[in-house]
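Chains A and B are the protein sequences, given in the same order. Position in the first sequence (from 1) plus 134 gives the number in our numbering. Position in the second sequence (from 1) plus 21 gives the number in our numbering. Beta carbons are placed, not taken as given, at the ideal position from N, Cα and C, and that holds for glycine. This report concerns only the one structure given below.
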Amino acid sequence: MSKIKCQCGHENPFGTVLCEACGRPLTEEAEKSQVVDMRYEGSARRSQTYNKSIIDKIWNFFSSVKVGVSIIVAVLVTSAIGTIFPQKLYAPVTSVNATDAEYLAYYEKTYSFFGTLYYKLGFYDMYNSWWFKILIGMLGTSIIIASVDRVVPLYKSLKKQRTKRHVSFMKRQRIFGEGKAADPDESLMKAEAALKEMKYNVKMEDGAILAEKNRFSRWGPYVNHTGLIIFLFGVLLRGIPGFYVDETMWIREGELRNVTGAPGYFLKSKDFKLETYTKEDANAVFGEALDRNGPIVKNFQTDVTLYKEKEGSLPGSEDLEYVKDYSIVVNKPLKFDGYNVFQMDYRLSELKSMTMQLIEKSTDKSFGEFTIELDDPKGTYELDNGAKVELLEYYADYDGIKDGEPVSKSPIPNNPAFIFKMTTPEKPKGEKSFVAIQQTLETEENAYKVKFVSADTRDISGFTIRKDKTLYILLLGGIIFMIGVIMGSYWNHRRIWIQKGADQQLLVAAHTNKNWFSLKKELNAVKDASELPAYMDRQDKESKDERQEGAES
Amino acid sequence: MGLANISATLLEISFIAYLVATAFFGGAVKGAKSEATYRNNKWGTIGISITIIGFLTHVGYFITRWIAGGHAPVSNMFEFTTAFGMMLVGAFILIFFLYRTPSLGLFALPIAILIIAYASMFPKEVTPLIPALQSHWLTIHVITAALGESILAISAVAGLIYLLKNIDMSKKSRQRFWIEFVMFVIMLVIGFVLSSSTFKLAGYEAEFDYIDKNDKPASITYNYPPLFGMNESVAKSPDTMKPWVELPAILNGKTLTTFVWSLFIGSILYVLLRLIVRKRLAEFVQPLAKRANSQLMDEIGYRSVLIGFPVFTLGALIFAMIWAHEAWSRFWGWDPKEVWALITWLFYAAFLHLRLSRGWEGKNSAWLAVIGFIIIMFNLIFVNFILAGLHSYAK
């Protein structure tokens with residue numbers, strides 16, 4: 135593509151609005167404008183220059199800030215819609231692998247018509263929906279293209295800017311002033327000193343000053359966009375297997391279990407604790423709150439020992455070596471080898487074992503006690519005087535009798551039931567009895583019965599196991615974003631141009647990307663120090679009126 | 022007298038100091054002819070001094086309560102909102118010394134006063150921390166997020182002043198309608214504070230048993246005469262009003278009752294004021310904004326977003342994610358509070374892009390700043406009470 139040669143001799147890329155070197159307006163539009171558009175220095179942006187091929191059109195679409203803001207607003211609105219009713223993840227649907235029908239039933243029952251609509255439109259799983267993902271993808275694309283479209287030409291034109299700008303450039307700045315000076319050269323010298331004092335980078339040549347500071351803040355947006363892209367990239371990586379482990383496990387007190395999702399590691403739960411604040415030992419200021427709310431939980435804690443499979447041992451051989459003891463509490467996960475184990479849930483007092491005794495119904499005479507370990511019930515329990523009890527069937531979670539057979543709802547001992555065969559010297563053939571909690575069923579009248587004595591319980595801890603290799607990428611993205619956003623927000627790029635015009639004239643112009651108030655304050659200081667002509671801010675009409683008002687009064 | 026009591030007294034002192042300081046800022050604005058002449062006005066100097074005294078006692082409240090409870094006092098609705106009000110005043114003081122604008126104080130302080138009054142309607146006792154909150158990230162995350170939000174709120178104050186000054190109140194327009202609506206919403210907040218404290222002073226309580234949306238029995242105490250009952254509710258206390266209607270389980274009758282009472286009292290207040298001043302309220306307060314320099318208000322509005330946005334990102338998103346990863350095992354879980362923090366962030370990101378690249382200045386920018394504050398308040402109030410999630414500690 136052809137270059138545009140400016141009158142000053144500088145060759146600009148096609149599409150340039152303001153000459154990179156001297157700032158002369160190169161388009162008719164720029165020439166007509168009173169105050170020139172200084173964003174991106176009037177440089178040649180690809181999106182403003184080409185519009186022929188499909189690629190041009192796509193590029194132009196995504197480089198537009200209008201489109202970018204529209205995408206942001208679309209993400210914002212969809213996100214908000216996703217909070218109207220609970221998302222799928224938080225819906226209190228009982229079973230673990232709930233079917234779609236169960237979810238539909240939940241939304242329908244709880245939120246009636248709107249719930250059904252919410253479900254049918256897919257809003258109940260908004261953030262995993264394909265359209266939400268496409269929106270995020272578009273946002274990422276927009277960030278990349280819009281940044282590249284701007285940063286390259288901006289960098290080039292800031293690099294190529296000349297100290298002496300053309301008068302037409304100066305005159306089209308928002309802040310501009312001209313006037314006669316007693317001694318222009320001396321004014322320039324004084325201005326140079328004053329500007330240096332204010333930490334400006336001052337260049338002086340050919341009767342012109344360019345003072346510039348904090349140019350780096352112009353790169354802030356592009357740095358923070360890079361951070362965002364790294365963050366989104368990290369999120370994308372989570373889809374790849376191995377980068378991300380997310381499992382749950384339940385472990386009972388006393389149990390040793392393989393850590394779900396972390397092969398080769400084992401956890402033993404020694405104790406689960408649930409503590410509450412009590413008025414006796416909590417800080418006295420909490421008294422009022424405890425009175426009003428009732429007990430408040432203080433701590434959930436599981437004391438565990440971590441073991442590791444010995445190196446070289448066969449998988450599954452359980453030849454373990456001790457790694458460490460740890461107390462997992464909320465906010466303090468157990469960490470090992472990139473894994474984190476979190477205290478997430480608990481169940482109190484699950485039945486561990488039940489102690490029973492065999493008695494003769496007529497005399498209440500006992501043949502002794504026996505204990506059934508519920509996770510490993512034995513077949514036969516030998517008692518005193520040659521009596522024995524055989525455990526024929528065990529139903530961990532007894533749920534009534536269906537089709538003439540007792541059934542168990544789950545393998546968890548929520549409601550244990552047993553079928554015993556009781557044998558004594560008097561009844562060598564034995565008697566059968568069905569025993570559940572507070573219930574005994576007999577096929578025919580028995581002479582003996584198994585009577586419940588006591589039960590042992592234990593607590594269960596629910597853990598979440600996570601390994602996330604992307605966390606560092608996400609953190610890096612976050613840090614870069616913060617650096618960029620701070621660069622761009624807390625510093626401003628300021629430039630002041632001063633030059634000699636014809637017969638004793640001095641011209642002043644200034645530009646900043648933001649915070650004009652402070653720029654004017656600095657410019658006032660320079661003006662006072664070096665007798666520069668008065669300037670005008672063409673966007674602030676009120677101050678001028680007020681100054682006149684002040685002068686009149 | 023225990024530390025907790027000292028703390029409460031300090032908060033009362035700062036509340037009164039802000040009221041007095043507002044009056045002085047009013048004097049500064051009224052007494053001056055223009056922005057240029059009121060910058061170093063004597064009234065303004067007294068106003069800012071009293072504000073600083075109020076701020077110091079407010080910080081005193083914060084520190085003594087921190088020591089008394091053993092944790093940063095940002096763990097429930099009262100504590101968080103009060104801290105938010107404190108930081109709003111702090112942000113105002115900072116901006117005041119950058120720009121010297123008594124007008125800003127005249128509007129920022131009443132808003133801080135309202136925020137503190139609102140906070141005081143919630144249970145004020147010091148509460149021990151539940152396990153999920155026992156982390157130094159509570160201090161870091163919440164304080165940074167509140168600080169970011171309070172700086173962003175300053176931009177809404179500047180925006181409000183800009184709009185009050187620049188909207189033509191003599192002609193019917195959409196903007197004139199909406200600015201009046203903002204005034205009405207402020208009246209509702211006052212309505213809430215008035216009605217809530219009246220019934221609290223009267224010691225009103227009505228207890229009910231009801232069935233919640235998961236079909237579990239629960240009980241609830243109303244502090245207002247119940248207009249709307251909970252699902253299948255049965256009154257436990259005698260001699261209380263019978264609710265007009267019973268709501269389905271997904272709606273909270275107590276919240277709706279509170280809202281309708283506030284609406285009722287707020288509307289009466291609004292109508293009364295309109296009758297007294299015989300003007301639209303926005304028109305009535307317009308003279309107070311007339312001295313402000315529009316360009317400067319626009320600049321303050323923009324600048325505070327620039328200062329507040331990075332702080333908000335750090336506190337409400339980055340620190341939040343780090344803590345969420347420690348406490349809940351995932352850095353992001355699409356919990357309503359998280360989503361609304363993201364929405365706030367996206368909104369201000371859109372604000373900055375519109376401003377930087379599309380030249381949205383003046384009224385557009387001011388309206389956006391006001392809407393941004395509404396989103397922040399929405400996240401503070403509605404998300405806690407209506408879209409219950411993991412963050413609803415404060416009910």
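| Asked | Found |
| --- | --- |
| Distance between ARG481 of chain A and PRO467 of chain A (C-alpha atoms, nearest Å) | 19 Å |
| Paired residues, beta bridge with GLN633 of chain A - DSSP | A:ALA342, A:LEU641 |
| Distance between VAL203 of chain A and LEU377 of chain B (C-alpha atoms, nearest Å) | 12 Å |
| Alpha carbon of VAL357 of chain A to alpha carbon of GLY336 of chain B, nearest angstrom | 20 Å |
| The region 199-219 of chain A: positions lying closer than 8 Å to chain B by Cβ | VAL199, LYS200, GLY202, VAL203, ILE206, VAL207, VAL209, LEU210, SER213, ALA214, GLY216, THR217, ILE218 |
| Near-chain B residues of the region 252-275 of chain A - C-beta to any C-beta below 7 Å | TYR261 |
| Beta strand (DSSP E) runs contained entirely in the region 197-242 of chain B, provided each spans 3 or more residues | 227-232 |
| DSSP-derived helix/strand/coil call for GLY311 of chain A | strand |
| Buried versus exposed call for TYR411 of chain A [16 or more other C-beta atoms within 10 Å across all chains shown] | buried |
| Meets three-Cβ-pair contact criterion under 8 Å: the region 197-213 of chain B and the region 295-305 of chain B | yes |
| Pair within 8 Å by beta-carbon distance, THR276 of chain B and PHE117 of chain B | no |
| VAL169 of chain A (DSSP reduced to helix, strand or coil) | coil |
| Distance, SER315 of chain B Cα to GLN673 of chain A Cα | 11 Å |
| CB contact below 8 Å: VAL163 of chain B versus chain A | no |
| Short-range partners of chain B found in the region 449-471 of chain A, where Cβ spacing is below 9 Å | VAL463, VAL464, ASN465, LYS466, PRO467 |
| The region 244-257 of chain B / the region 221-234 of chain B touching (three or more Cβ pairs under 8 Å) | yes |
| Proximity test, Cβ basis, 8 Å: LEU375 of chain B and chain A | yes |
| Test item: CB-CB of LEU608 of chain A and GLY395 of chain A under 8 Å | no |
| Proximity below 8 Å, CB of PHE597 of chain A to CB of MET272 of chain A | no |
| Other residues of its chain near LEU290 of chain B: CB distance less than 8 Å, five sequence neighbours each side excluded | MET208, ILE211, GLY212, LEU215 |
| Short CB-CB distance (under 8 Å) between ILE620 of chain A and chain B | yes |
| Residue-level contact to chain B via CB, GLN182 of chain A, 8 Å cutoff | no |
| Cβ shell of GLY157 of chain A (< 6 Å), same chain only, five flanking positions each side left out | ARG299, HIS300, PHE303 |
| Inter-residue Cα distance where the pair is ASP671 of chain A and ASP380 of chain A | 59 Å |
| Close-in-space but distant-in-sequence residues of the same chain around GLU165 of chain A (CB under 6 Å, 5 per side omitted) | PRO159 |
| LYS416 of chain B versus SER96 of chain B: straight-line alpha-carbon distance, rounded | With a pLDDT of 38 at LYS416 of chain B, under the threshold of 50, the modelled position of this residue cannot be trusted, and the question is left open. |
| Residues that DSSP places opposite GLY596 of chain A in a beta bridge | A:TRP384, A:ASP479 |
| Straight-line gap, ILE34 of chain B to LYS648 of chain A (C-alpha atoms, nearest Å) | 39 Å |
| Three-state secondary structure (DSSP) of VAL255 of chain B | strand |
| Option nearest TRP361 of chain B by Cα separation, candidates B:ILE188, B:ILE402, B:ALA348 | B:ILE402 |
| Chain B contacts made by the region 602-619 of chain A, where a contact means CB separation under 9 Å | ASP602, LEU605, LEU608, LEU609, GLY612, ILE613, PHE615, MET616, VAL619 |
| Whole-angstrom distance between GLY216 of chain A and ALA235 of chain A, CA atom to CA atom | 20 Å |
| Limits of the unbroken beta strand (DSSP E) element including ARG391 of chain A | 390-392 |
| Proximal residues of chain B, C-beta to C-beta of ALA416 of chain A below 7 Å | PRO149 |
| GLU503 of chain A and VAL587 of chain A closer than 8 Å at C-beta | yes |
| Reference ALA387 of chain B; option with closest CA among B:GLU359, B:VAL326, B:VAL404 | B:VAL326 |
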